[in-house]
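Colleague: Below you will find the structure I want to go over with you.
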Amino acid sequence: MKGTELAKNSFPSTAFHFKLRRMKADFDVRYTAQLARLNLSEEEIAKFQAQLSQVLEYVEKLKAVDVTNVEPTAHTNPVFNVFRADEPRDWFDAQTALANAPRQANGLFSVTKVVE
1474 MKGTELAKNS FPSTAFHFKL RRMKADFDVR YTAQLARLNL SEEEIAKFQA QLSQVLEYVE
1534 KLKAVDVTNV EPTAHTNPVF NVFRADEPRD WFDAQTALAN APRQANGLFS VTKVVE
């Protein structure tokens, strides 16, 4: 295959389509519910199977989308760091930090043991 043919519509890949078709036929809601330890009624299983099939059919439509000039992104909107500058400043000392502690020992907070 030439590079231009491969880049024309590289997502979703052929392997993805094969896996998706196979998933439609083989996906077992009952088995998945069992793995998740969910007790589903027969009506719920049928309902979820139908809903999942609709979702997978919609995902199948994505292969028709031309993504040739679309740059991969992690977010739909640009995301920038909004952190303040890291500047040193005065802080309270250990005595001030321990002033409201219910229990303290040797200049440290004393807490109830939670691990056996």
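Sequential numbering from 1474 applies to the sequence shown in the working numbering. Think of the CB as a built atom: it goes at the ideal place given N, C-alpha and C, for glycine as much as any other residue.
Is it right to say V1587 is buried, meaning 16 or more other beta carbons lie within 10 angstroms of its own, or is it exposed?
Modeller: Counting Cβ neighbours within 10 Å, V1587 comes out exposed, since fewer than 16 surround it.
Colleague: Let me know if V1502 comes out buried or exposed under the rule of 16 or more other beta-carbons within 10 Å of its beta-carbon.
Modeller: It is buried - the Cβ of V1502 has at least 16 other Cβ atoms within 10 Å.
Colleague: Quick one, which of D1559, P1545 and A1567 has its alpha-carbon nearest N1579's?
Modeller: When each option's Cα is compared against that of N1579, the closest is A1567.
Colleague: Which stretch, first to last residue, makes up the alpha helix (DSSP H) that contains L1529?
Modeller: Where L1529 is concerned, the enclosing alpha helix (DSSP H) stretches over E1515 to K1534.
Colleague: How long is the line joining the alpha carbons of E1539 and T1505, rounded to whole angstroms?
Modeller: For the record, residue 1539 in the displayed sequence is Asp; it is not Glu. Those two C-alpha atoms are separated by around 33 Å.
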